[in-house]
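Take any residue in the sequence shown, note its place counting from 1, add 5, and you have its number in the working numbering.
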Amino acid sequence: MTLDNLCARYPALTAQFKELPARLLEISDPVQLYPGQKVVVRDEPVKYAYYILSGELLVCNETMEGKFSTWMTMHAPTIISDLEILAGIGTYAASVSAAARCVALRSPAEEFTALLRSDVDFLWSVAAMVTQKNFALSHTRGNAAFRSSLDKTALFLLQHCVLSPPGDGESVVLKTRSRIASEVIISQKTLDRCLMRLRDDGYLSIVRGKVRISASQHQRLLDTWGPTC
6 MTLDNLCARY
16 PALTAQFKEL
26 PARLLEISDP
36 VQLYPGQKVV
46 VRDEPVKYAY
56 YILSGELLVC
66 NETMEGKFST
76 WMTMHAPTII
86 SDLEILAGIG
96 TYAASVSAAA
106 RCVALRSPAE
116 EFTALLRSDV
126 DFLWSVAAMV
136 TQKNFALSHT
146 RGNAAFRSSL
156 DKTALFLLQH
166 CVLSPPGDGE
176 SVVLKTRSRI
186 ASEVIISQKT
196 LDRCLMRLRD
206 DGYLSIVRGK
216 VRISASQHQR
226 LLDTWGPTC
């Protein structure tokens, strides 16, 4: 797929291209990533940098015993390999998989590194993306580290509402229970109990197994578990 084909298929991306360095477009190939696709694998060599234009990804790790843990969700625009390239480390710190269909610009790691060294403004924007992800991760984990499972679940729901505000309708949590439990770092049984309690206390609704949060329920969550909590 060429950049022209990409723009024709996804017109909304045209505006993003205008904000990117011309050199990045020259050295990159447009690629599509599909849900469940492994993009990079922990401890493997860093070969490419991916500038994610649209979509959602999961940062995850898997143990030798097959236990799988997701510990961060990344939303476009974001970059894969930014941490490793800026740190000067040649292997991936974690695995990344696509959670939804993504559109990305893939460039060789060496050329991406050279671009960062030659374009201070682009280097600054990439560094900002890294620190934003680290801040969000530190803030979320810092909030949840010493809290109860109920608190962790409520904080997850508040984070969800930041990305998908209820507005005049309802915000529906589309993630599976197993994925939520993995992100919150509690068992699925514990998560189910917490969701039932939050439902019974009027903080959310559950319809056909999906968690739904209205504007008034969101406000109740904020009143109880908001920024000052």
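All residues carry an ideal CB built from backbone N, CA and C; glycine is no exception.
- A distance below 6 angstroms between beta-carbons, with the five flanking residues on each side excluded, links phenylalanine 127 to the following residues of its chain, in chain order: Pro26.
- Within its own chain, the residues whose Cβ lies closer than 8 angstroms to the Cβ of cysteine 166, once the five positions on either side in sequence are excluded, are Ser176, Ile218, His223, Leu226, listed in chain order.
- For lysine 194, the enclosing alpha helix (DSSP H) covers residues 193-205.
- Of the residues Ile211, Leu200, Val46, the one whose Cα lies closest to the Cα of lysine 157 is Leu200.
- Only residues of its own chain outside the window of five on either side were considered, and among them Cys199, Arg202 have a CB closer than 7 angstroms to the CB of leucine 155, listed in chain order.
- In this structure valine 45 is in contact with tyrosine 97, their Cβ atoms being roughly 5 angstroms apart against a cut-off of 8 angstroms.
- In this structure, the beta-carbon distance from glycine 60 to leucine 38 falls below 8 angstroms.
- Burial of aspartate 87 is indicated by the presence of at least 16 other C-beta atoms within 10 angstroms of its C-beta.
- Scanning the region 26-110 for uninterrupted alpha helix (DSSP H) segments of 4 residues or longer gives 27-32, 87-92, listed from N- to C-terminal end.
- By the Cβ-count criterion, tryptophan 230 is buried, with 16 or more other Cβ atoms from all chains shown falling within 10 Å of its own Cβ.
- The beta carbon of valine 178 lies closer than 6 angstroms to those of His165, Val216 in the same chain, with the five residues before and after it left out.
- Looking at the DSSP output, glutamate 175 bridges to Ser219.
- Membership of isoleucine 211 in the beta strand (DSSP E) is indicated by the continuous run 210-212.
- Spanning the alpha carbons of leucine 110 and lysine 43 requires a straight line of approximately 16 angstroms.
- In this structure, glutamate 89 sits near valine 51, with a CB-CB distance shorter than 8 angstroms.
- No residue range can be given for leucine 18, since it is assigned to no alpha helix (DSSP H) and is classified by DSSP as neither H nor E.
- For lysine 157, the enclosing alpha helix (DSSP H) covers residues 154-168.
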